[in-house]
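What follows is one structure encoded as structure tokens, with my remarks underneath.
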Ligand code: ADE
Ligand code: ZN
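In the working numbering, the protein residues as written are 1 to 395.
Have a look at this one:
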């Protein structure tokens, strides 16, 4: 289910409240928001778990984080759209940034996707993709994201005649600069757009394979209705043979969602499921996912709630309680009230009554299922453990 527009805080008070909390937290603990997590460990403070809301916000702000479910094109803020349109000589159908943001109203996946794809028309050059990726990585680094795996949708860019080397080249250059200057590491996941033809997805994969060293995996996104994962069985097999990892969206409350989850797990042997909240409705699939060690990249602002018999249920809480390996992610923050990972976690903490230990567990799940070498993983986990210990939180 798509969360109603008011929740995204384009005008909503809940969002404004969270932002004020964050600003206060940043002023109370400037190091927590401005410096890499390494600096946090030196902060002199009694090791006491957060007891009140403001301290919880500080704890979340400083928490070393990883993010695996963020669509780069979904981080394209309205301000950047105007700047890129100007640079590329394009006219946008909105008077200003505020008018554009007011147009971000959607009620389900297709109505969201229409706005999302319209928005990315301004991305044309290598520099545009650099600016997009560097912009996201800068925000993520400022929120103590140590490591990110980012989705992109090449078919949509190839359609407009943008060469794949401009797309992958710009993002790769930004990744390198962000690693050097900001200390954030990242990798790239190519998504097949499931509502376009299988041929179009294969063309995109073939165009990208010469650059496979700049990719870590392939995923599957866009409109799920009538587009089951098996439509891309051949693509996943080819990508896997090329050494790439495999993940796929099973958006919440989609038609045949449990069948899609089963196919993804059993037939396509996915390593992760993006969203996947409806799995809590099938104890058998929960047991299967656990036995396979599948990671779930949950995006609570977008789809953390699913409907069961007409009643909303909190998928994140149920997934955690079921013992699934859940991480929390921001999905398309530019279209969701510009809430990046820290704001998403603050909201999730309140909505799902997450304890400090559960927040640490979520990040442990994330680092634990990242597609990175063991030494890099061990380094991140050590930083997470040290952070938890510095707050007296059992890790
Ligand atoms: N493309 C961008 N965000 C998406 C989402 N949450 N689900 C499917 N396709 C997407
Ligand atoms: Zn997504």
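Beta carbons are placed, not taken as given, at the ideal position from N, Cα and C, and that holds for glycine.
Here the distance from the Cβ of residue 217 to the nearest heavy atom of ligand 1 is not below 7 Å. A distance below 8 Å between beta-carbons, with the five flanking residues on each side excluded, links residue 160 to the following residues of its chain, in chain order: 121 and 124.
Here residue 227 carries a coil assignment [DSSP, helix/strand/coil].
Residue 314 has its alpha-carbon roughly 7 Å from the corresponding atom of residue 306. Closest in alpha carbon position to residue 140, among 351, 62, 154 and 167, is 62. In the three-state reduction of the DSSP assignment, residue 188 falls in the strand class.
Residue pairing by DSSP places residue 250 opposite 275 in a beta bridge.
Given a length threshold of 3 residues, each whole run of the beta strand (DSSP E) inside the segment 193-242 is given here in chain order: 217-221.
Rounded to whole angstroms, the gap between the alpha carbons of residue 393 and residue 152 is 36 Å. By the neighbour-count definition (other C-beta atoms within 10 Å, threshold 16), residue 361 is a buried residue. Collapsing the DSSP output to three states places residue 301 in a helix.
Restricting attention to 154, 301, 312 and 117, the CA atom closest to the CA of residue 341 is found in 301. The C-alpha of residue 234 lies about 15 Å from the C-alpha of residue 209. Boundaries of the beta strand (DSSP E) harbouring residue 314: 311-314, taken from the DSSP string. Look at residue 106 here: in three-state DSSP terms it is coil, with no helix or strand label. Our two residues, residue 134 and residue 192, have alpha carbons roughly 23 Å apart in a direct line. According to DSSP, residue 327 shares a beta bridge with 297. Following the DSSP letters along the chain, one finds residue 167 inside the alpha helix (DSSP H) bounded by residues 164-182. Secondary structure of residue 159 (DSSP, three-state): helix. With respect to the 8 Å criterion, residue 247 and residue 219 are classified as neighbours on the basis of their beta carbons.
Taking every residue with its beta carbon within less than 6 Å of a heavy atom belonging to ligand 2 gives, in chain order, 69, 71, 221, 249, 274 and 331.
Look at residue 296: its beta carbon is at least 7 Å from all of the heavy atoms in ligand 1. If you check the C-beta of residue 116 against ligand 1, you find a heavy atom less than 7 Å away.
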